[in-house]
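Engineer:
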Amino acid sequence: MSVWRALIVWFACIGPAAAQDAVQRGEYLVHAGGCVSCHTVPGGTPFAGGRALATPFGTFYSPNITPDAETGIGRWTDAQFLHALRQGRRPDGANYFPVFPYPSFTNISDTDALAIKAYLFSLPPTHQPNRAHVVAFPFSWRFLQTGWRLLFFRPGPFYADPAHDAVYNRGAYLVTALAHCRECHTPRNMFGATKPSMPLAGTPDGPNGQAVPNITPDRATGIGEWDADDIVTLLKTGRTPEQSAVKGAMREAVQDGLKFLTSADLQAIATYLLAQQPIAHKVGG
Amino acid sequence: MTAACGLAVLLAAAAHAEDGKAAFEHRRDTMKAMGRALYIGVGRVAKGRAEFGPDTVTSAETLAKLAATIGTLFAPGSDAPESNMKPAILAAPDKVAQLAASVNAAMPGFVTKVQSGDRTRIAAAVAAMSNACNACHNDYRKEQ
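Residue numbers (the numbering used here), protein chains in the order written: chain C, 7 to 291; chain D, 824 to 967.
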């Protein structure tokens, strides 16, 4: 009997502690993912959505991801949350548009995804109905996304590269999955899919029409003159080694999330970026 | 006739906008190259993050060459929305000339100090040059 009592006490203690750990870990991962930037109107309630995201196909409005049961994700199960991030589908089965970076988030581990959900569900629910996207025909037809997925979507999970060490692979996971760097830093084709031959090579047509720089280690057009400390400093402070400040979406990514990452994770990102194939591609930004 | 005049005005405006964009891009690239030469090429040696060598001197000379063109970088129409430059600078050509002259007057001494290979002297030279650059940036670079 005393053994059962001890077990009950143990479970009573360890359960909430584990949940709290998941929430804290989720908050860290949300910082890495920069979720708040897209899911928050400037000056608005964090994660309540409504942020306009202008693209060549139209303007998308981010959804409410607070745990409000009516207008947010409060009724979502773990499986539905995983399905959204990993497969790019809503709980009702409809396709997301790839403005939601599920082609990167598909590589997030289940453990990390559920920690993110735990954090989001620890926030106060905000009742704020989602705003309809303003997207031109025929891009507004969600079912057409099925074809897009067949052509361009490669489901995860992320697999570590055994040819590289743990630091490189941690960086690969952060860059390609959580922080979804490729979504902004890779040029896109006419269908809005990232060009696989030019990963991280920059684009003149980034978020809201802004140029996004080449972050491959090409010396003339990319970050080949930078070292790992330069990249870590930029991700912590928003300042480039040339002493200019990053702008636009990257400034938000730093301020809202990347600056909170551990030095080890930032070093891992730098290690991965500097190990990539240099691609000569001149863009502004 | 009216239509022809309208078209001519539109074409002239388009050409002006194109010139402005090219001028903006040239300024942006030049500023970036100067920052690279000062803070990476020479600055890393000043901070002890890199060894002094021929490339350090080349960076200082590159900076001097580019700095000599500063006065030409602020062409009318180059105040593109994505520029870090405050448009007010275009209305202050005398101030620009004065600040550019100040940077260029300091440049021979900067190169000489870098050529010395002495890290303390190089660090002082980088700090002084950075201040000279910031004299303009503080007034005319948008809040970042």
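The beta carbon of each residue, even a glycine, is placed where N, CA and C say it ideally should be.
None of the values given here were measured: they were computed from a predicted structure.
(1) Near residue 7(C), which residues of its chain fall below 7 Å by C-beta distance, leaving aside the five closest residues on each side in sequence?
(2) Within 10 angstroms of the Cβ of residue 118(C), are there 16 or more other Cβ atoms? Answer buried if so, exposed if not.
(3) Thinking C-beta only, is residue 71(C) closer than 7 Å to residue 91(C)?
(4) Going straight from the alpha carbon of residue 916(D) to that of residue 261(C), what length do you get?
(5) Would you kindly report the start and end of the unbroken alpha helix (DSSP H) that includes residue 292(C)?
(6) Please compile the residues from chain D whose C-beta is within a distance smaller than 8 Å of the C-beta of residue 290(C).
(7) Starting from residue 59(C), trace the beta strand (DSSP E) both ways and give me its first and last residue.
(8) Taking C-beta to C-beta, are residue 288(C) and residue 265(C) nearer than 7 Å?
(9) In whole angstroms, what is the alpha-carbon distance linking residue 885(D) and residue 274(C)?
(10) What residues from the segment 35 to 51 of chain C come within 9 Å of chain D, judged by C-beta to C-beta, listed N to C?
(11) Just the chain D side, please: which residues come within less than 9 Å of residue 1(C) by C-beta, in chain order?
(12) So which of 860(D), 944(D) and 896(D) has the shortest CA-CA distance to residue 883(D)?
(13) Helix, strand or coil for residue 137(C), going by three-state DSSP, please let me know.
(14) Please classify residue 186(C) as buried or exposed, where buried requires at least 16 other C-beta atoms within 10 Å of its C-beta.
(15) Which word fits residue 920(D), buried or exposed, when buried means at least 16 other C-beta atoms lie within 10 angstroms of its C-beta?
(16) How about residue 208(C) and residue 220(C): are their beta carbons less than 7 Å apart?
(17) Any beta-carbon of chain C closer than 7 Å to the one on residue 858(D)?
(18) Which residues of chain D have a Cβ atom closer than 7 Å to the Cβ of residue 258(C), listed in chain order?
(19) Suppose you measure from the CA of residue 53(C) to the CA of residue 47(C); what does that come to, to the nearest Å?
(20) Please determine, among 204(C), 284(C) and 254(C), the residue with the shortest C-alpha to C-alpha distance to residue 905(D).
(21) The alpha helix (DSSP H) with residue 963(D) in it runs from where to where?
(22) At least one CB of chain D closer than 7 Å to the CB of residue 69(C): is that the case?
(23) Please report whether the beta-carbon of residue 249(C) lies at a distance below 7 Å from any beta-carbon of chain D.
Structural biologist: With the given structure in hand:
(1) Unreliable positioning characterises residue 7(C) in this predicted model, as indicated by a pLDDT of 47, which lies under 50. The coordinate reading is nonetheless provided below. Nothing meets the Cβ criterion.
(2) In summary, residue 118(C) is buried, with 16 or more beta-carbon neighbours lying within 10 Å of its beta-carbon over all protein chains present.
(3) Remark: C-beta atoms of residue 91(C) and residue 71(C) do not approach each other more closely than 7 Å.
(4) 35 Å
(5) What is shown of chain C runs 7 to 291, which leaves residue 292(C) out entirely.
(6) 848, 851 and 905
(7) 58 to 61
(8) no
(9) Taking the straight line joining both Cα atoms gives about 33 Å.
(10) none
(11) Residue 1(C) is absent from the model: chain C starts at 7 and stops at 291.
(12) 860(D)
(13) coil
(14) buried
(15) Exposed: under 16 other Cβ atoms inside 10 Å.
(16) The answer is yes: Cβ separation under 7 Å.
(17) yes
(18) In chain order: nothing, as chain D lies at least about 13 Å away.
(19) 8 Å
(20) 254(C)
(21) 942 to 963
(22) no
(23) yes
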